[in-house]
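Student: Note that this note's numbering has the sequence shown beginning at 8, numbered continuously upward.
Even glycine gets a Cβ: it sits at the ideal position worked out from N, Cα and C.
In this text, all values refer to a predicted model and were calculated from it rather than measured experimentally.
First the structure, then my questions, so here it is.
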Amino acid sequence: MTKHAHRRLLAFSNVFLLLSLSGSAANNAAPKMRTEELLARHLASLGSAEAIAAAKNRVLEGKVTAVFRVGQTGTVAGTAALVSEGLQFGLSMVFQDFNYPVEKLVSNGKRVSVGMVQAGVRSPLAQFFHDYGHVLISEGLIGGTTSVGWPLLSVKQRKARLDYRGLKKVAGSELHELRYRAARGDFSIALYFEPDTFRHVRSQYELRIPSVDRDARAMSSDPDTIWTVTEEFADFKTVEGLTLPYSYQLRLNYDGLNRSFVGHWTFTFEEARQNLQLDGKTFAIE
8 MTKHAHRRLL AFSNVFLLLS LSGSAANNAA PKMRTEELLA RHLASLGSAE
58 AIAAAKNRVL EGKVTAVFRV GQTGTVAGTA ALVSEGLQFG LSMVFQDFNY
108 PVEKLVSNGK RVSVGMVQAG VRSPLAQFFH DYGHVLISEG LIGGTTSVGW
158 PLLSVKQRKA RLDYRGLKKV AGSELHELRY RAARGDFSIA LYFEPDTFRH
208 VRSQYELRIP SVDRDARAMS SDPDTIWTVT EEFADFKTVE GLTLPYSYQL
258 RLNYDGLNRS FVGHWTFTFE EARQNLQLDG KTFAIE
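This is how it looks when you write it as structure tokens:
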């Protein structure tokens with residue numbers, strides 16, 4: 008064998024060795040995290056089991072800014088409160104605006120009620136939760152970990168199915184994706200968690216309603232109606248041993264045949280308190 012041929016054989020051998028080692032490393036890589044492990048790490052990110060169990064109710068208060076971009080336009084600012092106790096939930100907003108004075112979403116744990124901006128008139132947000140999104144409230148999903156009724160604290164009680172999908176690129180960030188299948192409802196639900204802290208930072212809910220030809224009672228060629236709700240959470244702080252988000256954004260997108268709507272509600276909470284004596288009418292259904 009010539010000296011040149013020997014060098015070529017040695018080079019090929021080194022390449023083969025590197026490829027073999029790479030394949031071996033890939034085969035021996037740690038398996039994908041299981042759903043149960045993701046859930047356990049997320050719960051640990053909230054706080055100790057004792058701190059979680061000690062929180063019977065929670066009230067977060069602060070400011071809110073609503074921005075409407077499509078369907079109607081404008082920006083209004085006001086105050087907000089998010090209240091939860093057990094499976095009960097309430098989100099209220101008050102604005103100094105004649106056309107949009109108030110927004111209210113309430114669940115008594117069994118039923119959901121939404122307020123009206125004027126007599127007989129609901130806002131696009133309230134109309135969505137009245138017609139379709141009430142299951143997201145009663146399921147404990149809306150508000151994320153700000154609520155003591157966060158469903159990942161009681162998956163068995165909720166009878167939900169979870170499916171971990173691995174790391175996904177979402178809005179420019181690598182996040183753990185967990186698919187959540189509620190016992191009822193037709194929403195596609197994805198929950199997202201930071202890869203290092205396992206804190207819940209994003210939820211996305213999509214409801215697709217097929218277009219139907221009413222005369223022929225068959226599927227229409229018109230585009231489907233799509234409702235998309237996105238929640239984002241940030242600015243985490245410690246509250247009585249629990250790590251909770253003080254920044255919360257709720258986005259509603261509607262894309263239909265004859266109209267569209269895009270609105271954002273951004274909450275900046277300034278105070279969080281737990282285990283208060285709540286008024287009996289806090290979660291009253293109207």
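(1) Rounded to the nearest angstrom, what separates E1 and V66 at their Cα positions?
(2) Pick helix, strand or coil for A58, following the three-state DSSP scheme.
(3) In terms of DSSP beta bridges, what is Q125 paired with?
(4) Per DSSP, R191 is paired with what?
(5) May I ask you to list the residues that DSSP assigns as paired with W234?
(6) Mark G140 as exposed unless 16 or more other C-beta atoms lie within 10 angstroms of its C-beta, in which case mark it buried.
(7) Are the segment 67 to 87 and the segment 255 to 274 in contact at 8 angstroms, needing three or more beta carbon pairs?
(8) What's the C-alpha gap between T153 and P252?
(9) Quick one: which unbroken beta strand (DSSP E) runs of 3-plus residues sit fully inside the segment 60 to 107? Chain order, please.
(10) Once DSSP output is grouped into helix, strand and coil, what is the label at G179?
(11) Contact check, R186 vs A197 under 8 angstroms by CB: the rounded distance?
(12) Spell out a yes or no on whether the segment 119 to 128 and the segment 237 to 247 are touching, meaning 3 or more CB-CB pairs, one atom from each, closer than 8 angstroms.
(13) Kindly indicate the opening and closing residues of the beta strand (DSSP E) around E247.
Tutor: Let me lay it out:
(1) What is shown of the chain runs 8 to 293, which leaves residue 1 out entirely.
(2) By 1-based counting over the sequence shown, the position of residue 58 is 51. A58 falls in the helix class under three-state DSSP.
(3) Counting from one through the sequence shown, the residue named residue 125 turns up at place 118. Partner(s): V128.
(4) Translated into positions along the sequence shown, residue 191 becomes position 184. The partner list for R191 (beta bridge, DSSP) is empty, contrary to what the question assumes.
(5) Here residue 234 refers to the residue found at position 227 of the sequence shown. Its beta-bridge partners are L214 and Y261.
(6) Locating residue 140 in the sequence shown gives position 133, counting from the first residue. Looking at its Cβ environment, which holds 16 or more other Cβ atoms inside 10 Å, G140 is buried.
(7) yes
(8) Along the sequence shown, one-based indexing puts residue 153 at 146. Along the sequence shown, one-based indexing puts residue 252 at 245. It is roughly 7 angstroms from the alpha-carbon of T153 to the alpha-carbon of P252.
(9) 64 to 77, 81 to 92 and 95 to 102
(10) In the sequence shown, residue 179 corresponds to position 172, counting from 1. Here G179 sits in coil by DSSP.
(11) If you number the sequence shown from 1, residue 186 lands on position 179. If you number the sequence shown from 1, residue 197 lands on position 190. 6 angstroms between Cβ atoms; contact.
(12) no
(13) As a first step, residue 247 must be located in the sequence shown, where it is residue number 240. No beta strand (DSSP E) holds E247; DSSP gives it neither H nor E.
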